[in-house]
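Numbering (our numbering), first residue to last: 21 to 162.
Beta carbons are placed, not taken as given, at the ideal position from N, Cα and C, and that holds for glycine.
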């Protein structure tokens with residue numbers, strides 16, 4: 021069993037080596053400056069820089085949410101016509117057996133005006149309500 025003096029001296033050596041390596045400053049020419057003041061000052065400045073970047077620029081200023089100006093423009097032009105020609109089985113299921121001619125849509129029908137600025141919506145599905153017509157509602161007093 022090792023003596024306590026040997027254990028203490030070994031712990032001092034390990035602690036001294038670790039602290040010495042942590043607080044040494046290396047120049048690009050790999051010159052080891054074994055001065056605790058210079059090493060502590062070096063690590064302090066590194067900690068200040070990392071603390072500024074993480075604490076102030078990212079967390080306090082919310083740098084991760086930063087956005088920039090628009091750098092491009094996308095223009096979309098819709099043209100042409102579409103034809104809705106469902107099979108007879110679809111009409112029988114949806115319209116109580118009444119057959120209608122194919123429906124033709126142009127750009128004014130399938131491009132709905134935008135719900136928000138600088139946007140558009142293209143109709144891709146239509147629900148047909150049978151036996152519906154324009155007129156005056158019976159509950160409305162004129």
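Rounded C-alpha distance that separates residue i from residue j
i           : j           : result
residue 82  : residue 67  : 20 Å
residue 89  : residue 77  : 20 Å
residue 52  : residue 92  : 52 Å
residue 84  : residue 129 : 42 Å
residue 154 : residue 100 : 27 Å
residue 39  : residue 69  : 21 Å
residue 139 : residue 123 : 26 Å
residue 86  : residue 71  : 19 Å
residue 25  : residue 35  : 15 Å
residue 73  : residue 147 : 55 Å
residue 159 : residue 152 : 16 Å
residue 49  : residue 29  : 33 Å
residue 23  : residue 37  : 21 Å
residue 65  : residue 96  : 53 Å
residue 127 : residue 79  : 48 Å
residue 75  : residue 145 : 50 Å
residue 156 : residue 98  : 34 Å
Buried or exposed (CB count within 10 angstroms, at least 16 for buried), residue i
i          : result
residue 59 : buried
Sequence-distant residues of the same chain with beta carbon closer than 7 Å to residue i, five excluded per side
i           : result
residue 56  : 43
residue 112 : Low confidence applies to residue 112: its pLDDT is 48, below 50, so where it sits in the model is not reliable, and the reading given next is rough at best. There are no such residues.
residue 46  : 52
Proximal residues to residue i (C-beta, below 8 Å), its chain only, five neighbours per side dropped
i          : result
residue 63 : 42, 43
residue 32 : none
residue 54 : 40, 44
Sequence-distant residues of the same chain with beta carbon closer than 6 Å to residue i, five excluded per side
i           : result
residue 125 : 102
Minimum Cβ-Cβ distance from residue i to chain D less than 7 Å
i          : result
residue 90 : No chain D is part of this structure, which consists of one protein chain only.
Of all the beta strand (DSSP E) runs that stay within the bounds of the region 35-83, which reach a length of 3 or more residues? none
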